[in-house]
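Residues 4 to 524 in my numbering are what the sequence shown spells out, letter by letter. The beta-carbon is built from N, C-alpha and C at its ideal position, and this holds for glycine as well. All figures in this text were calculated on a predicted structure; none of them were measured in a lab. Everything below concerns the one structure shown next.
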Amino acid sequence: IKEGKVIMVTVDGRKKGFSDGMTLTELAQYMLSLGIEDALNFDGGGSTVMIARKQGYYVPKVINMPSDGTERAVANSVQIISAAPLSDPKYIRFEKDNIKIFVNSSYTPALYAMDEYFNRVDLGDTQVEYVIGDKIGNIDDSGLFTAGSKAGTGYIEVSLGNEKSKLNVQVFNKVASLKILNDYISLEPGETTEIKVKAYDENGDEIIISPSAVNWVVSGDIGTIDKSGVFTAGNNLKEGKIIAKVNSTEAYVDARVGNLPIVLEGFENMDNIEIKSTRAVATATTSQEGEPVVLGSSALKFQYDMKTGEEGTSAAYVSFKNPVKVPGKPIEIGFWAYGNGSGNWIRGTYINGAGERKIMNFTSQGGFNWNGWKYVYAEIPKDEKYPISIEQIYIAEPTEEKKSAGTIYYDSLTSIYKAGKDIYSPEVVDINIANNAVLTEQPKEIAIKVKDKGEGIDPESIVLLLDNIQVKAVYEPETGIIRHEIDYKLLKREHSIRLRLKDKAGNNLNPEFRSTFIYSN
4 IKEGKVIMVT
14 VDGRKKGFSD
24 GMTLTELAQY
34 MLSLGIEDAL
44 NFDGGGSTVM
54 IARKQGYYVP
64 KVINMPSDGT
74 ERAVANSVQI
84 ISAAPLSDPK
94 YIRFEKDNIK
104 IFVNSSYTPA
114 LYAMDEYFNR
124 VDLGDTQVEY
134 VIGDKIGNID
144 DSGLFTAGSK
154 AGTGYIEVSL
164 GNEKSKLNVQ
174 VFNKVASLKI
184 LNDYISLEPG
194 ETTEIKVKAY
204 DENGDEIIIS
214 PSAVNWVVSG
224 DIGTIDKSGV
234 FTAGNNLKEG
244 KIIAKVNSTE
254 AYVDARVGNL
264 PIVLEGFENM
274 DNIEIKSTRA
284 VATATTSQEG
294 EPVVLGSSAL
304 KFQYDMKTGE
314 EGTSAAYVSF
324 KNPVKVPGKP
334 IEIGFWAYGN
344 GSGNWIRGTY
354 INGAGERKIM
364 NFTSQGGFNW
374 NGWKYVYAEI
384 PKDEKYPISI
394 EQIYIAEPTE
404 EKKSAGTIYY
414 DSLTSIYKAG
424 KDIYSPEVVD
434 INIANNAVLT
444 EQPKEIAIKV
454 KDKGEGIDPE
464 SIVLLLDNIQ
474 VKAVYEPETG
484 IIRHEIDYKL
494 LKREHSIRLR
504 LKDKAGNNLN
514 PEFRSTFIYS
524 N
């Protein structure tokens, strides 16, 4: 307390690199340096927090750095509260003290008003007046400032009655760098999107720039862009670039028309990949010449061992150091997986636009049961909060006796936006005779339900074997069921069922379906 004033101080601690706290002697010396005559020390420990409503703010907020990173629930506090009522606007302020702006660009500086008690209040219909200093541009009655065509410095002054506020303005005719904020452009023919760009000076400070002050270029004959930065996709289904230029400085964003599949990670190198594991050991490299690959020159060769003797779910992760940003609104995420018949589980995670972590199941539990290459995918919910970023894909096994070790390969992590080329393998959904079932009556038929995400099952390719002998199989496209009528006598013993087929695009059922049952007394 000094000269009728009250000074409130908080001391933060346990924040290495920010504050290690103070001893009581250091706190006393600090109080004396402020000229304080009488002081009280409240030892709040880790509960110490200062909350204040700064000038120009509607609500209070935490202004120190609590040691827990957030406020604690406490019962006691020292408060200084203004009970002054709201009244008419008296003071006017710019929210910023300085701005940097590019020539011929426009910007509306944000204002706020306070009443006589320094409560923030709405301006409403209250009229303010603007003055431009040093001829750096023009401003209209709504507060829209347009910089002139020459570089220079000046100011904008706003007045409310006798109260004034000044905003310092620096006008630039060049920029050090540009950045397009759109991560990727993926549109259907005729669709439009706004391309947003920011400019920066040599110190990394933002220079306000209007889209109309940018020279826009579209390469690849993929569409057109107007002066306001609105891109319209053309009719050619192809890829290209949208380029923003200011003098000799430029930035670009990749774009495509037709929502074609996008290879997000080709596994051509390990630059953005790190390997992690839980109750497992895992390593990875890019594949070498002669090893399996689908696209490009290499795939990810992933070696894992879940047989560590540790109880609990084992998992081996391919994690992305920087989560892979997925452009647009994909309907599915997929990749090629080269299996070893292990019967484990392929999963993944992504972060959505709300910061929520979501799990993707690329196979069912135990469904990674094939040998060789197969395209796996996980559908993205239609109501997802976009954009999404992929964190990792991983192989998992919760069942102790099914934990395995081996080598698998991944290739071409891809986002899909609409139905395209059929790369999906047919799948068996159900069978009327459970695997390893023991039956006391002869079954009347074998009924296997299959599905295909792409062009559909090719009936001519169906090969159904009972005890390794091909039998008649009738396919019902409406239900997806393959039936074989058992109108003959079966021996009372173990019987095997095998099914091979392709879809109309030539994709095999992988692995071949196998099941057994016992017909016995």
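Roughly how many angstroms lie between the CA atoms of residue i and residue j, to the nearest whole one?
i      : j      : result
PHE371 : PHE365 : 9 Å
THR525 : LEU469 : Since the first residue of the chain shown is 4 and the last is 524, residue 525 is not available in this structure.
MET363 : TYR203 : 39 Å
SER189 : GLY237 : 12 Å
GLU194 : ALA113 : 33 Å
VAL81  : THR28  : 23 Å
TRP373 : ILE411 : 11 Å
PRO63  : THR13  : 16 Å
PRO384 : LYS304 : 30 Å
VAL431 : ILE451 : 7 Å
GLU205 : GLY312 : 57 Å
THR235 : PRO192 : 8 Å
ILE334 : GLU387 : 10 Å
LEU240 : VAL221 : 15 Å
GLY38  : MET11  : 13 Å
ILE393 : ARG282 : 23 Å
GLY49  : SER70  : 6 Å
Per DSSP, what kind of secondary structure is residue i in: helix, strand or coil?
i      : result
THR482 : coil
PRO326 : strand
GLN82  : coil
GLU242 : strand
GLN368 : coil
THR73  : coil
LYS167 : strand
GLU3   : Outside the shown range of the chain, which is 4 to 524, sits residue 3, and nothing can be said about it.
GLY342 : strand
PHE226 : The sequence given here has Gly at residue 226, not Phe. Strand at GLY226.
GLY409 : strand
GLU292 : coil
GLY509 : coil
GLU382 : strand
ALA216 : helix
GLU209 : strand
MET34  : helix
GLY375 : strand
GLY136 : strand
GLU430 : strand
Contact defined as beta carbons within less than 8 Å: I believe residue i pairs with residue j. What is the distance between those atoms, to the nearest angstrom?
i      : j      : result
LYS103 : ILE265 : Their Cβ separation, rounded to whole angstroms, is 36 Å, which puts LYS103 and ILE265 out of contact at 8 Å.
GLU529 : SER523 : Since the first residue shown for the chain is 4 and the last is 524, residue 529 is missing from the structure and cannot be characterised.
ILE489 : GLN445 : 7 Å
For residue i, which residues from the same chain have a beta carbon less than 6 Å from its beta carbon, with the 5 sequence-adjacent residues on both sides left out?
i      : result
SER168 : ILE95, ARG96, PHE97, VAL161
VAL477 : ARG486
TYR120 : ALA87
VAL474 : LEU467, HIS487
GLU382 : GLU335
TYR61  : ARG123
GLY72  : none
Report all residues from its chain with a CB closer than 7 Å to the CB of residue i; omit the five preceding and five following residues, and keep chain order.
i      : result
ASN141 : ILE135, THR149
SER231 : PRO214, SER215
LYS279 : TYR320, SER322
Are the C-beta of residue i and some C-beta of chain C separated by less than 8 Å?
i      : result
TRP219 : Among the protein chains of the structure shown there is no chain C, as only one such chain exists.
Give me, in chain order, the residues of the same chain whose beta-carbon lies closer than 8 Å to that of residue i; leave out the 5 immediate sequence neighbours on both sides.
i      : result
GLY423 : LEU263, PRO264
VAL441 : PHE520, ILE521, SER523
PHE21  : ASP15, MET68
(message) Below 8 Å, how does it come out for the stretch 105-118 and the stretch 63-79: are there three or more Cβ pairs, yes or no?
(response) no
(request) Could you say if the stretch 337-346 and the stretch 374-382 meet the contact criterion of at least three C-beta pairs nearer than 8 Å? (result) yes
(request) Take every Cβ of the stretch 402-420, pair it with every Cβ of the stretch 288-300, and state whether three or more of those distances are shorter than 8 Å. (result) yes
(message) For the stretch 458-475 against the stretch 500-508, do three or more pairs of beta-carbon atoms, one drawn from each stretch, fall closer than 8 Å, so that the two count as touching?
(response) yes
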